[in-house]
Structures are given as structure tokens and as C-alpha cells.
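See below for the structure under consideration.
Chains as they are written, first to last, in our numbering: chain A, 6 to 288; chain B, 62 to 336.
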């Protein structure tokens, strides 16, 4: 950073302006959304006060925070339940998505035959499928897992399939010339080439598995056996406990953001040396 | 023809044994394009043979046929000893460096050996030596995007040569490089060729490059792709920067250029007749 600052002195006006603009953008990227967020929270607080809105309709931000602290034990144990479903289903989505993609990559015929089924599974709303799952599956955890998995696996499958099929033609010829077996081609060429696509899919699936876990519990929660964050929300809704409802909502959003950030970081660490998406812009 | 032939000029006399003969080779693509028509060509041991021609003359197709990446519609490829040559005896350098972008230089050169089941430890001496030959010692850990275009092409050549193939096929390998880099790579390739004594089939559209490198220049014409004429470049090896600026070289280039112009005109004529 200091190197840039020192250079400003010798730069012509146009370049100096560019350097200044870059610095503003760097700061602004963090400061602007933060400022807007704080402003919005402040406005929320003021609206509650000015209009004397009762707490069971719209609690003040401070009250939500206080509830988060007060009900921490209850809320975080529920969060753990939701997280367990989320990560288990994400793991299963990775295994299932990549496994199916590799299978599809073995032959165009397999892909042509089975891909439509994956699409059907993807486009049918999970809420509509759930009653069926409810009939066929007994175990509560398995039900939730299945739901979250159905929602999360498709982006991984479709992205990885795309990646496995987008190998440079010359590289394929090169492997052929060197007598590579099908397995070697997969191991040394197609899987590494699919890595950026796969990671893109995982980033989407991470958020979806959380959504899947919460939605599944919502649908299942009405039968009243679960204890994840969704059932806390339903429960709080029935009791007009708006502060806890907001606190639970806040935890879910925060979890989603954290999942996205962690997956983005992993993706960056894996791709940083070679893939265009992870490279700094030098020009 | 202009310089005295010296002992180390290989295969110029035609006495060298035949490595590969293309007899009446033709290739028609499914879209009806006649990429090659009745190609007769003999590649002799020790040849540095250039296929020179305008785009669309089928020179890359010919190279892919020789590599076994494609099969001829008609005619035969007759490898010495009959049948097709074992693929491990062929090295191929593409127009693009065609490296694995996620793997470093060492792993990229290791790849052909790795595919043959040779471990890293066992392959290391050959890789280290090959990287030294292409002047890339010290760049083992760099990934392709950290290298210049010329260096990437050096890695590509090292990868093709690490298995010590008898035949090196090159498809316009230096076309995308700047002239200074291309000259350097030309020199280094010739040096490598003289030390290792492999055979080269070099596809190019550059008269200057083909004359500088090869002992035989096969000029091809387009629509349909065919062999138009052949020139023997009987200048002695080693050829260096002095040769590049010599009157002999200029005269040979002019000669090759004239033939190439005729080849292009023959196509233009046929083209007009066809319409």
C-alpha cells in the first residue's frame, strides 16, 4: 500500500487519478455496505420508536440482540441441528453430484438417458415432494437429509458435468497419443479441468443445502418432531415472540453468509495459482 | 544445392532408409471436404522435413494422419517394418503449448512418462535433463501462466521429447510467437535435433522457417490438399545466425517462395475453373 502512495508523487495526473480511484474503491467496498447497513438498522430502530410499534409486531434491533444473548442456549442448540443437516446434505450432494457427473462423463449415451431425470428432480418444488417423502421415510433426520440433498445436488451435478466435458481438444489428443487409459484421462485431465466448475457448483450448493435444510424442517416441523432453527421460528411465530423470530432469522442469514465465505475461500485457495477467476487483475 | 554438402548433413542424398511412406493417401471429412488427395510422400531416416503451404492445404491433416490421431479415407501409411508405428515412438507438438494449466513445469513434462506408469523418482533424471536441453532449468515449479509464450512452447517440446521418440511431429509450433523468440526456438530445436538424431515433420506456413530448419521442404497446395512440389535444402548443418543472414539462405528462400506462389496460384486457378 505504501509503495503505491509513494509512487503517486511521480505519476502523471491520469495515473494518479486512477491510483486514487483504486484506493477509494478498496475502502468503499467495505465501508459503503457497512454504512448503509448501520443506517438501515438505525432507521429501523427509529421507526419502532416514532410509531410506538409494539415489540410483538416489530422489535427494536437492540431487543433482537438481547434475545440472541438471552436465548443463546436454545437458539444455538437449534442452529447445531440445522447445521448438521446442512453439512451432511452438502457432503452427500458433493458425493452424489460428482459421482453422477463422472458416470455421465463415461458416455454420451448415459448422459443423454439420465440427465432429464436430474432436471425433473431439480425443477419440482421440494415442498411438493415432501409429503411423499413423509410417507416413504420414517426417520426424521433421513427425511430432512433427503430433502436438502435433492435441492443441493443439482448445481454440483450440472456444473461438474459441464466441466468434465470442457476439456481442451488438443489436450485430449495429447493424452490419446500417449496411450492414456480412460481412468488416467479422468484422473489426470478431466477431473482437474472440471475443478473450477465443480467449485462453482459447490458454492451454489452450500447456500441451497442450508435453504433445503430449513425448508424441509418447516414442512416437517408442522408434524412437530424437529428442533432445528426452522421449528424455533414456527414456534416463535405461534407465540408472537417476534424478537426470537428475528434472532433465529438473523442466525440463519449469518450461517448462509459464513458458508458462502468459507466455500469461496476454499475455492480461491485451490484455484489461485492457475485459474483466471482466482487471479489478480494485473492489467 | 548451393552449399557443399558436408558429412553431417543427413539424408540429403536419398540413400538413407525409408522411415515412413505415404502412398496415395486421401482424406475426406464427413462434411464432404477433401482435405487430402492422393498424397505420396516418403520420409527417410534423419529427415527434418517441412510441410509448407497456405492454410487449407491439408498439412495439419497430414500430420494428424501420421500421428494416428485420424485415419486416411484412402491409401496407406507404410511405416518401416510394416504396420503402424508404436505411438510411444511419436512426439507431438501442437500449435498451442497445450499444457495442463494446473500442473507445474515438472509435472507437465512428467505427464507422458507418468501415463506409462513411471514414478516421479524414476522419471526425474530424464525430466531434469530434458528441461536443461530446452533451457528451462530452475523453472520446474512454475505453472504455465507464469511463463512467456516462448517458455511455454519449450515446455511443450520438452514434454514431447522426454519419451525419446523417434519421430517428432510439429504443427506450426512457433506461429504464435514473436520473431525474436521464434528465431531462438528455431536455433534450439536444430541443436536438439542434431544431438538426438530424431526425425522431424514440421508443419509451417513460413517459407523462412521451413528453409532455415529443414533438409527437405514439401510444398503443398489447397483444394484439394495435395503435394505440389518438393525442394531439397542442401545447406550444411549446423545452421546458425550466420546462415540466417547469408546470401545462400536468401536464395533458397526465394526459390521456395517461388514454388509456394505457384502452388497458391494453382489453387486459385482450380478455384476459378470450379465456378
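Beta carbons: idealized from backbone N, C-alpha and C, even for Gly.
Under 7 Å by beta carbon: chain A residues contacting residue i
i	result
residue 128/B	182
Where the alpha helix (DSSP H) through residue i begins and ends
i	result
residue 210/B	210-222
residue 291/B	Where residue 291/B is concerned, there is no enclosing alpha helix (DSSP H), although the beta strand (DSSP E) it sits in stretches over 287-293.
residue 95/A	77-111
residue 165/B	Premise fails: residue 165/B is in no alpha helix (DSSP H) and is neither H nor E.
residue 229/B	Note, residue 229/B: premise wrong, no alpha helix (DSSP H); beta strand (DSSP E) at 228-232.
Helix, strand or coil at residue i [DSSP, three-state]
i	result
residue 259/A	helix
residue 279/B	strand
residue 288/A	Because the pLDDT of residue 288/A is 44, which lies under 50, any placement of that residue in the model is unreliable, and the question is left without a value.
residue 315/B	helix
residue 199/B	coil
residue 136/B	strand
residue 71/B	Note that residue 71/B scores 45 on pLDDT, short of 50, meaning its location in the model is unreliable and no value can be drawn from it.
residue 333/B	Caution is warranted here: a pLDDT of 44 is assigned to residue 333/B, below 50, making its placement in the model unreliable, and no coordinate value can be reported.
residue 108/B	coil
residue 249/B	helix
residue 173/A	coil
residue 17/A	coil
residue 178/B	coil
residue 274/A	helix
residue 56/A	coil
residue 264/A	helix
residue 6/A	Confidence at residue 6/A is low in this model, with a pLDDT of 46, below 50, so its placement is unreliable and the value that follows should be read with caution. Residue 6/A: coil per DSSP, three-state reduction.
residue 309/B	helix
residue 178/A	helix
residue 128/A	helix
residue 186/A	coil
residue 139/A	helix
Status (buried if at least 16 other CB within 10 Å, exposed otherwise) for residue i
i	result
residue 218/B	buried
residue 281/B	buried
residue 120/B	buried
residue 101/B	exposed
residue 179/A	buried
residue 140/A	exposed
residue 202/B	exposed
residue 68/B	Residue confidence is low: residue 68/B scores 37 on pLDDT, short of 50, so the model does not pin down where it sits. No coordinate-derived value is stated.
residue 214/B	buried
residue 310/B	buried
residue 103/A	buried
residue 312/B	exposed
residue 148/A	buried
residue 174/A	exposed
residue 202/A	buried
residue 322/B	exposed
residue 165/B	buried
residue 25/A	exposed
Residue i: contacting residues in chain B (beta-carbon distance under 8 Å)
i	result
residue 193/A	161, 172, 175, 176
residue 176/A	159, 161
Interface flag, residue i vs chain D, CB-CB below 8 Å
i	result
residue 157/B	No chain D appears in this structure, whose protein chains are A and B.
The beta strand (DSSP E) enclosing residue i, as first and last residue numbers
i	result
residue 88/B	79-89
residue 103/B	95-105
residue 151/B	151-154
residue 274/B	Unbroken run through residue 274/B is the alpha helix (DSSP H), 268-274; no beta strand (DSSP E).
C-beta contact flag for residue i and residue j at 8 Å
i	j	result
residue 268/A	residue 208/A	yes
residue 155/A	residue 124/A	no
residue 108/B	residue 326/B	no
residue 278/B	residue 317/B	yes
residue 153/A	residue 90/A	yes
residue 189/A	residue 176/B	yes
residue 114/B	residue 324/B	yes
residue 93/B	residue 133/B	no
residue 396/B	residue 300/B	Lying before the first or after the last residue shown, residue 396/B is absent from chain B, which here runs from 62 to 336.
residue 206/B	residue 162/B	yes
residue 217/A	residue 94/A	yes
residue 126/B	residue 110/B	no
residue 247/A	residue 157/A	no
residue 109/A	residue 120/A	yes
residue 172/A	residue 192/A	no
residue 141/B	residue 230/B	no
residue 221/A	residue 160/A	no
Where residue i meets chain A, residues with beta-carbon distance less than 8 Å
i	result
residue 151/B	182
7 Å Cβ cut-off: residues of chain B touching residue i
i	result
residue 278/A	204
residue 121/A	Those do not exist, as residue 121/A stays about 28 Å from chain B at its closest Cβ, beyond 7 Å.
residue 185/A	176
residue 290/A	Residue 290/A falls outside the range modelled here, since chain A spans only 6 to 288, and no answer is possible.
residue 173/A	159
Proximal residues of chain B, C-beta to C-beta of residue i below 9 Å
i	result
residue 189/A	175, 176
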